[in-house]
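For reference, the structure is listed below as structure tokens.
Structure representation (structure tokens):
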């Protein structure tokens, strides 16, 4: 049986699927007979037409890695919004145990919509490492939606038996188009694999108009790159760098990177863009690269949070000297029981010496691990870890943190590490 952290509401109980909801508080299981059973917490009544909903599904296999044929679902979500057009944001992440290149891709009603590439350099030694796919789109009312995360290599993804570690998850939030929230998406349509582009020039960009001062924007971007060694990805707002990530491969090959950022903006025109640090190394079509924005035109309908990796050493040194445990955190108070929380985090980490090195990070809410990622590198260089969550919490105070299992390997200050959240449906002052 599948158990979620958080809540259950608008989705029919279907064995093998995850849980969804906007108002239940507690943990539920979905039995083989297709009925929900409350295992802890208190149930309340779902609204007939929720303004927002959240769905979490996990890999329900029984081994590490799971037994999955090529292009068969590893994680599945199904839902059908009953009222109005719905904007959805999706992330599916997981760990894989393999050599060299392995892809993770997401299908929507049988059509591939996004893909990422993971890579570990060993040709004969299997290694764990995390991957993630990002998607944003629009769903028409009463249209059934099925999302499937799949792999290019059989029997390589997931560790579902380790449920406490929360490795393999698909998170979706849905927002009714009647909310004062817009979605903008742009795909990488440049020709070539990789496409031709000078270093530190725009690979993707979105220009938008903020109708009110204090408009809140949650930006995400991802793309693959093909280069030997280190390459950086930078997210810019109006020409200024706001978020960065690092990928590393020992040979010229493909690997995915991503960046994100949440911020209020002034009224008027603004542009988010994404750049790469290496010329002619990024992109291979729409499924391998995109940027999406969640634009909240009325900031009173949400709360937003952003913790930045600001630890500093004297003299300055990267990575920072600090114990294992919390790297970044924020605390907030939730007023509405129907609010939906959307969280993204990333931070870079360095392998201090040559040789195989694994390091994990955890997303923790009120002491419960809700997502976990594995980074791997076998040289003295940098890579990036990513974490995600969507769900509903009870009213009251909550603390969200990024924790690490190793000391002295994570972070290099502002720009290289963020923990960002947006709480939809909870009034802000």
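Residue numbers (our numbering): 1266 to 1694. Using N, Cα and C, we set each Cβ at its ideal position, and we do this for glycine too.
Assignment of beta-bridge partners to residue 1571 by DSSP yields 1685. Under the Cβ criterion (8 Å, minimum of three pairs), the stretch 1379-1387 counts as touching the stretch 1510-1524. In the three-state scheme derived from DSSP, where H, G and I count as helix and E and B as strand, residue 1674 is classed as coil.
When C-alpha distances from residue 1360 are compared across 1625, 1657, 1663, the shortest belongs to 1625.
In the DSSP assignment, residue 1534 forms a beta bridge with 1474. Residue 1328 sits exposed, since fewer than 16 C-beta atoms from the chains shown fall within 10 Å of its C-beta. Contact between the stretch 1564-1572 and the stretch 1484-1493 is absent: fewer than 3 CB-CB pairs across the two stretches fall below 8 Å. The Cβ atoms of residue 1414 and residue 1320 lie no closer than 8 Å to each other. As the crow flies, the alpha-carbon of residue 1407 is around 8 Å from that of residue 1349. For residue 1585, there is no enclosing beta strand (DSSP E), as DSSP marks it with neither H nor E.
Taking all protein chains in view, the Cβ of residue 1337 is surrounded by fewer than 16 other Cβ atoms within 10 Å, so the residue is classified as exposed.
In the structure shown, residue 1565 falls within a helical segment according to DSSP collapsed to helix, strand and coil. Assigned with DSSP and collapsed to three states, residue 1552 falls in helix.
In this structure, residue 1476 lies away from residue 1358, with their beta-carbon atoms at least 8 Å apart. Three or more Cβ pairs closer than 8 Å define a contact, and the stretch 1447-1454 meets that threshold against the stretch 1549-1558. In this structure, the alpha-carbon of residue 1604 lies about 8 Å from that of residue 1317. Assigned with DSSP and collapsed to three states, residue 1491 falls in strand.
DSSP places residue 1545 outside any beta strand (DSSP E), giving it a letter other than H or E.
For residue 1529, same chain residues with a beta-carbon under 6 Å away, outside a window of 5 residues either side, are 1479, 1481 in chain order.
If one requires a minimum length of 3 residues, the beta strand (DSSP E) runs lying completely within the stretch 1334-1379 are 1340-1344, 1351-1363, 1365-1373, in chain order.
In the structure shown, residue 1392 adopts extended strand secondary structure according to DSSP, grouped into three states. When the five nearest sequence neighbours on each side are left out, the beta carbons in the same chain lying within less than 6 Å of the beta carbon of residue 1488 are those of 1547, 1548, 1554, in order along the chain. CA-CA distance, residue 1417 to residue 1436, rounds to 21 Å. The beta-carbon distance between residue 1449 and residue 1499, rounded to whole angstroms, is 19 Å. This is too long to meet the 8 Å contact definition.
At a Cβ-Cβ threshold of 8 Å, residue 1692 and residue 1600 count as neighbours. Apart from the 5 residues on each side of it in sequence, residue 1630 sits with its Cβ closer than 6 Å to the Cβ of 1665 in its chain, given in chain order.
For residue 1447, the enclosing beta strand (DSSP E) covers residues 1446-1452. The Cβ atoms of residue 1584 and residue 1680 lie no closer than 8 Å to each other.
In this structure, DSSP gives residue 1408 a state outside helix and strand, which the three-state scheme calls coil. In this structure, the beta-carbon distance from residue 1496 to residue 1439 does not fall below 8 Å. About 5 Å separates the Cβ atoms of residue 1391 and residue 1362, confirming a contact at the 8 Å cut-off. In this structure, residue 1380 and residue 1651 do not form a Cβ contact; the two beta carbons are roughly 16 Å apart against a cut-off of 8 Å. Listed in chain order, the non-local C-beta contacts of residue 1593 below 8 Å within the same chain comprise 1572, 1573, 1574, 1610, 1612, 1666, 1667, 1682, 1683, 1684, local neighbours out to five positions each way being set aside.
Burial is judged here by how many other beta carbons sit within 10 angstroms of a residue's own beta carbon; residue 1511 has at least 16 and is buried. The continuous beta strand (DSSP E) containing residue 1636 extends over residues 1633-1642. In the DSSP assignment, residue 1413 is bridged to 1341, 1372.
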